[in-house]
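Asks:
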Amino acid sequence: MRKYFTEFGLNVFTSYKTIVPVEHLEKVQRNAKYHIYGILSIPRVIIDKESFIVNKEGFKCTLKGINPEYQESYEISNFSMLPGIDHREIKYDIRYPFDKLDYHIDREILLNFFNNNKERINFSESEFLNLFDTPLDIQLVLNKHLQENWLPLKMEVLYIGKSFGANGQRLAQDRLSAHSTLQKILTDFHSKYPDKRIYLLLLEMTPLLNTTFDGISQEYGTSDEEDQKHLEKVLSNLPVEEQVINITEAAIINYFKPYYNTNFIENFPSTEHTGYKQYYDLDYNCMSVELDLEFDSMPNIELHTDNNNIKNCWEFIQYNLSNDPNRRNMYEIFTSKAE
1 MRKYFTEFGL NVFTSYKTIV PVEHLEKVQR NAKYHIYGIL SIPRVIIDKE SFIVNKEGFK
61 CTLKGINPEY QESYEISNFS MLPGIDHREI KYDIRYPFDK LDYHIDREIL LNFFNNNKER
121 INFSESEFLN LFDTPLDIQL VLNKHLQENW LPLKMEVLYI GKSFGANGQR LAQDRLSAHS
181 TLQKILTDFH SKYPDKRIYL LLLEMTPLLN TTFDGISQEY GTSDEEDQKH LEKVLSNLPV
241 EEQVINITEA AIINYFKPYY NTNFIENFPS TEHTGYKQYY DLDYNCMSVE LDLEFDSMPN
301 IELHTDNNNI KNCWEFIQYN LSNDPNRRNM YEIFTSKAE
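Okay, so the sequence shown: first residue is 1 according to the UniProt record's numbering, each after it adds one.
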């Protein structure tokens, strides 16, 4: 049975997100309120040096994992550094540990390309030239292959955390720059799992207050007067940002149960947690978290642990906030007939 004619639920969605290798944390811009973060891992891939073949349009190669137990390999055909240039004029050097490709493109070739495509390039000349000053990360080659072939990039969730501080001034970048758990993970993976690579997922989460009205069942656990008081109380106490961040972190942790987390693994949701007390005080029905895992320059991200996974942006995390097992979820009116 529904408790109220008017039920409320907290929905939290991803408004901005960034995903970077851990070594690129300092490059993350402070253009969003990244208060939620995840520490992730993927199998480290390397290039099979013997498979590397260059032709005019690009290069071909085989990518494989370092760990012999990682059976997947990927055949890359005609990866292009720049469309329209003769890739046989590029100098290549593949060195140990084979996870990057050193190369050199003559400045004249780059300038000709820039001048011929200036209207379509969103960089200055110097910025464009700087793009080719560093070795090519082989993971980027794999990402492009996965994206073009509609294959997912599977990432294991090792840890979920938050950073808020006074009035929300502390961002995830600040927390991670001196994070004891991140340092432990890096130490563990360097010594025990050198075949894995660490990534960071930074999320800005925005709340929505959802409500449903059930005029079908005509049977509720409260009177019309109690329902009206409930409605007025909720609407006069809108979600507080810090409490939104607290409950979002707890929900994601409990859903995935990452190896390096300890809090919220078994005891969420709970009326004893003061960090998201607002939603119990206001008698919310449920809460949900939408993790948007689509990136313009990356394949679809699949997050997983031994306990759970999210494979696309249509899957979401949802919890009832009521301890009454007989209280119906507010969204059931869309999926089943009223009792």
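C-beta: ideal position from N, C-alpha, C; glycine also. Remember, it's a predicted structure, so these values are computed and weren't measured experimentally.
Which residue from L151, H104, T335 and F128 puts its Cα closest to that of N115?
Replies: Cα-wise, what sits closest to N115 is F128.
Asks: Leaving out the 5 sequence neighbours to the left and right, which residues in its chain are closer than 6 Å to L153 when beta-carbon positions are compared?
Replies: Hits under 6 Å: L146, P299 and I301.
Asks: With H, G and I counted as helix, E and B as strand and the rest as coil, what does DSSP make of Y280?
Replies: Helix at Y280.
Asks: Kindly indicate which three-state DSSP category R197 falls into: helix, strand or coil?
Replies: Residue state, collapsed to three classes: strand.
Asks: Can you tell which of D224, E249 and K17 has its C-alpha closest to the C-alpha of F5?
Replies: The shortest C-alpha separation from F5 is found at D224.
Asks: Against chain C, does E272 count as a neighbour if the rule is that its beta carbon must be under 8 Å from one of theirs?
Replies: Absent from the structure is chain C; it holds one protein chain and no more.
Asks: My output table needs one value for S191: the three-state DSSP class, helix, strand or coil.
Replies: Looking at S191 - three-state DSSP - the assignment turns out to be helix.
Asks: Identify every residue that forms a DSSP beta bridge with residue 421.
Replies: Any answer about residue 421 is impossible in this case: the structure gives the chain only from 1 up to 339.
Asks: Given a cut-off of 8 Å on the beta-carbon distance, is the pair I105 and K49 in contact?
Replies: No, they are not a contact pair.
Asks: Work out the CA separation of R44 and H190 for me, nearest whole Å.
Replies: Straight-line Cα distance between these residues: approximately 12 Å.
Asks: Can you name the start and end residues of the beta strand (DSSP E) that E156 belongs to?
Replies: From DSSP, the beta strand (DSSP E) with E156 extends over L153 to K162.
Asks: When the Cα of I198 is compared with those of V20, Y255 and K3, which residue comes out closest?
Replies: Closest option to I198, Cα to Cα, is V20.
Asks: For D292, which residues of its own chain have a beta-carbon under 8 Å away from its beta-carbon, when the five flanking residues on both sides are left out?
Replies: Closer than 8 Å at Cβ, skipping near neighbours: F13, T14, K17 and C313.
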